[in-house]
Every structure is written in structure tokens, then in C-alpha cells.
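Chemist:
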Amino acid sequence: LSEAVWGSEADPGMARPPGLCLLALLGLGLRAGGSSACWDPRGQPRRCMPVFENAAFGRTVRATNTCGSPPEDYCLQMGARHASALCHRCDASDPRRHHNASFLTDFHSQEESTWWQSQGHSMVGLSAGKAYEITYVRLKFHTSRPESFAIYKRSRAQGPWVPFQFYSASCLKTYGRQPRQFLRPGEDEQVAFCSDEFSDISPLSGGNVAFSTLEGRPSAYNFDGSPALQEWVTVTDLLISLNRLNTFGDDIFKDPKVLQSYYYAISDFSVGGRCKCNGHASECAPDEAGQLVCVCQHHTAGIDCERCQPFYQDRPWARGTAEAANECLPCNCSGRSEECFYDRELFRRSGHGGHCRNCRDNTAGPHCESCRQNYYRWEPQGACQPCHCHPAGAVGTCDPNTGHCTCKERVEGHLCNSCFCYGHSSACRAAEGFEETQIRSDFSQGTAPSPGRNGGHSSASSTQKKFGKDVDLSLFGAERPPLELTGGDGCSGRSLACPYFSVKPLFLSPAPWGQALSVSPCHPFMPICSWGCAWFREGNGVRHGHSTTPGTAGTLKISPER
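All the letters of the sequence shown, read from the start, carry residue numbers -37 to -1, 1 to 525 under mature numbering (1 follows the signal peptide of the UniProt record, and there is no 0).
Rendered as C-alpha cells:
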């Protein structure tokens, strides 16, 4: 056969004759079997598997060599002294006399036996069309069994050929392996044995060779818990390499009649197993492209149900077992997304690995459980609303639960869109701080205050300085401190247009005032969102303070309200 049909790899584990290449097997479909049994009567998921079947039955088998092209004679082996007692003709062009590879996997009948036949070294290959979990491989020979042959397998399409089992009366010489049929616990269980059990020349016809894939492997009794054995029994393609015939030794004389009695002939090739669906399907069927696939349940997907569906990523995929179905679970996206992926770190932290993508309604978070930045909502199920924080007055974003913006210093309002001006101004701009004015007066009776920029009596003095937040105002009390400020550039008649804001005085030390002072700071030169002069003015709603005991003093701390 051409190189397109045969693989280019050498047979692993043995020296093959020159000029021969491995068979690249063709995939074929399989009839769908059974209905789903993946849910119990209560609707709970449970492990399910396709029916056990002969995975080789009816499938096409390819062989490197078949008798009949050109026609040739062969004789039945009856023993050394009757080598040519019964002879027949093999003719590939004659339907009554051909022995092609289709007879390997047809219906086997003891009464009307059919067989494939070939002289010399040959390879026979079978493809299951998809992965199967194989329990046994059985060959029934129409002639005596070979002295040496090997079984190879692929675990995935176009994967490497892996030794599956060797049979030989000379294991070490032929395949470089000691005869062995079991493993000890802890040894590599993906190792092919070599057996000399089926290599005798007798029986001359009808001898069987049955290879059990799990026999002699310690983890066979815990198959669900052994990924190594699960991989070991996974097969997409099988290759039988027939390496050496069994003879009586008379073939060394090259007698044509004797040589006609030595050939390979197999009447049945059967493979017992299940379509591999990892416990998540009860049947396999061709898809739209004719490819054999599992009819997956438990929200799994893939040819072998080997992964979870896109929105069912809340925990890692796992094979279904007798103890647990290990169905895939949906992501929790709060109804705001249909896309997610498995997040290993999220699963480690929370036990839920579904990380949502493309959250709707301005939501965010692994489960679309919170609002995006600059959005908020009152209730967990409510819609996320934009914060609308004023870009000039806000710091960062708003509270995600209330929508209340975080304001800069001396900015107020739910949206941080107003300066701290108590309604006296609608224009604001940044400033470095306040101005402080300290006024000292003895408030002597019978003297009139001297009007001027600094205010107070003639004995009053005034100093100014900038400060950050708080103002300390020291006053020396009088029986009736008639403090007035008129004229000048400070708060004259036109100073009424100067933006005022009110602050409450805080007594830091004892001061027996009859009532609290009310102070109106102002400044004639700049907008008073952050600036002001702490002068007292009589009238315009500003009340006087008075002391019941002349000569007492108090210290006021002026702090802007928020």
C-alpha cells in the first residue's frame, strides 16, 4: 500500500523488516446505541456509559499483504507428514476464492468460516472512528497461531503508536522484553507485557489469543481512581503486526509444497469495549459531519464528553464515577451574563470557579454581583445607576450602595457639586486656606469704636495670616462689647455683596457669655468658598455677644461646618 495509507513511524519495541511502514488507519462511523440513562428517576445525575460492544464488528480493516494477487495455491497444515494433503487456490478477483481483510470483522460462523489470509510478514489495522475504552482484543486463527506477533495502539487520532501486548516464544530475542504477565503495586501500569503462552504451533487450526487489557495491573480494582489505567485502555486505532510463523522446521528445505502450508490466516478479529464518554453519555452517534461522537449529558461537551459546556464552568471537569456523576455546574452570573470561564484561583478561594464575562446592566465582578466603577444601586437586584459625581469636586468614585460621592475638602453635596458657601455663592474655585484676624479690645465704656479696616476701638489691633482648617479667635470680654465695623475696604456698605457663610463658635476655654456668638467672616478681595475675614459686624442678621462679667475672656475655635 502507498505511503499515504501507511504511517512513516517504525514499529516501537521491535526491529521491523526493511521497506515496511505502519498502517495509518481510516475512521468509520458506528450505529448509535441506547437511550440516555444519565439521570435517575428523581432527575438527579448519575454515571452513564454506552453499551458494551464488539467495536470491530462491521468495520473496515486494512492489511499490508493479502493472498490472491496474483492467484496462488495454499495447502492446509495437517502435520509434518501430511503437509500437502488438502490444497486450494486464493484468487483476489474471484468472490468465491478471495480471502481479503473484510472477512476479519464480518459475522463469524463456525459452520461457514471465512478468513483473511497472507503469506509472509503482514500488518492488520483497525480504526474505531473515535476513542474506545477497550477491555479485550481477541484473534481467532484459521491456521496455527504465529510464533511471534505484537499488538500496538493509538490513544488519539494521529497519535504515536504505543506497544499494547507482545506474544512470542522468544520474547527477549524478538522484542527485547522478558516474559511477564503481571506488575507489582507502584510500577508503571502503562507497560506492555510479553507472553509466551500462545506461541505453540498447536492447535493447527482454530487457536485463539485473547488479550485482557487490565489483567495483571494492580489498579484494575480501582479503575475510576486510576487516570493511568484509563489512558491505558483508551484506544482509537489498533495494529496487529504478524512477525514470525510457527513451523515444524521443514521450511528450511524450501520445498514449494511445504512452503505453501505456512501462511497467516485469521478468521475473526474482535475488540470488546465501550465508546469512551467518561461517564457522561449513554450512546455514541455520528454528528452532522459523520464523525462518531458521544451524545453528551450532564452539561458536558466534546467528542468524548471531555470538557464542560461554555456556561457550566463553576467547578473543574471530572469523569463520572460510580460514587458521583460529577456533572458540570452552571456559572452564577446573577442573570446578567451567559459567558464565563473556569478560574482556578477563584475556585480555590471560594469553591466556585465560574468567572463571568461581559456582564450587562453596568455590573462587574466574578459573578456580575456589583456595579461597575462610577455606578451604584440601592438594592442588590436593582439596576446600577451612574454616580454623576462632579469631576471638579469629587475624589474618586461614589459609594456603590448609596451613590454618595466622596468630596474634596470644602466641597459639599450628594454629587460634590457645591462649594461650602451655605447658599451665598454659586461660583467656586480652589483656594489655599482662610485668613485669620485676631481682634483685641478692652471695650471701655463711653468710648466709641473707631471705624476702619481693622474694626474695633482705637485700642484694637488686627493681624492676619493664612491657616488651613481651624480658626482660634481670642476675645477679651466686656459688660457689653458693642463691636462694630463700618467703612473701609473690608465690609462696608458694598461688602453686603461679599459671599457670607456662617460658622458656629466652639468654646475651647471657659467664657461666661450670655449667648453664643454668631460670626460672619468675609473677604473683599476673593470669592469666599475657602477664604474669609473673621471680623464682627453689627446688623445684617449678625448678633452681638456679651459677657455678664466685665474683664472675662474666652477663646473661640471657628471650624467650618460640613
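Even for Gly, the Cβ is constructed at its ideal location relative to N, Cα and C.
1. For the 8 Å Cβ check, are there 3 or more pairs between the segment 256 to 265 and the segment 226 to 233?
2. Using a 10 Å radius around the Cβ and a threshold of 16 neighbouring Cβ atoms, would you call residue 124 buried or exposed?
3. State whether the segment 330 to 341 contacts the segment 355 to 366, with contact taken as three or more CB pairs (one from each stretch) at a distance under 8 Å.
4. Looking at the unbroken alpha helix (DSSP H) that takes in residue 313, where does it start and where does it end?
5. Is the beta carbon of residue 108 less than 8 Å from the beta carbon of residue 156?
6. Would you mind listing the alpha helix (DSSP H) stretches within the segment 196 to 245 that are 4+ residues and don't spill past its ends, in chain order?
7. For the beta strand (DSSP E) that contains residue 275, what are its first and last residues?
8. From residue 292 to residue 148, what distance separates their C-alpha atoms?
9. Going along the chain, which unbroken runs of the beta strand (DSSP E) with 3 or more residues stay wholly within the segment 92 to 158?
10. List the residues that DSSP assigns as beta-bridge partners of residue 51.
11. Are the segment 180 to 194 and the segment 61 to 78 touching, with three or more C-beta to C-beta distances below 8 Å?
12. Going by DSSP, what residues sit across from residue 357 in a beta bridge?
13. To which residues of the same chain is residue 258 closer than 6 Å at the C-beta, ignoring the five residues directly before and after it?
14. Residue 368: buried (16+ other C-beta within 10 angstroms of its C-beta) or exposed?
15. Here's the rule: buried if 16 or more other CB atoms are within 10 angstroms of the residue's CB, otherwise exposed. What is residue 51?
16. Can the beta-carbon of residue 176 be found closer than 8 Å to that of residue 97?
17. Which one of 376, 318 and 82 has the shortest CA to CA distance from residue 222?
18. Buried or exposed: residue 67, going by 16 or more other Cβ atoms within 10 Å of its Cβ?
19. Out of 191, 300, 281 and 319, which one is the CA nearest neighbour of residue 10?
20. Could you pull the start and end residues of the beta strand (DSSP E) that residue 80 belongs to?
21. In chain order, what residues of the same chain lie with their CB nearer than 7 Å to the CB of residue 276, ignoring the 5 residues before and after it?
22. Locate the beta strand (DSSP E) running through residue 317, then write down its first and last residues.
23. Just to check my reading of the structure: residue 85 and residue 27 have Cβ atoms closer than 8 Å, yes? What is that Cβ distance to the nearest angstrom?
24. Does the Cβ of residue 135 have 16 or more other Cβ atoms within 10 Å, making it buried, or fewer, making it exposed?
25. Under a three-way DSSP split, which group does residue 185 fall into?
26. Apply the 10 Å Cβ neighbour rule to residue 94 and answer buried if 16 or more other Cβ atoms are within range, or exposed otherwise.
27. Using the Cβ count rule (16 or more neighbours within 10 Å means buried), how would you classify residue 220?
Modeler: Reading it off the structure:
1. These segments do not touch.
2. buried
3. yes
4. 307 to 313
5. Result no, Cβ atoms of residue 108 and residue 156 do not sit closer than 8 Å.
6. The qualifying runs are 219 to 222.
7. No beta strand (DSSP E) contains residue 275, which DSSP labels as neither H nor E.
8. 36 Å
9. 111 to 117 and 125 to 131
10. 37
11. no
12. The bridge partners DSSP lists for residue 357 are 370.
13. 244, 246 and 248
14. buried
15. exposed
16. If you check the CB distance, residue 176 and residue 97 come in under 8 Å.
17. Closest in alpha carbon position to residue 222, among 376, 318 and 82, is 82.
18. In summary, residue 67 is buried, with 16 or more beta-carbon neighbours lying within 10 Å of its beta-carbon over all protein chains present.
19. 281
20. 79 to 81
21. 294, 303, 304, 305, 316 and 317
22. 317 to 320
23. 5 Å
24. exposed
25. helix
26. Residue 94 comes out buried.
27. exposed
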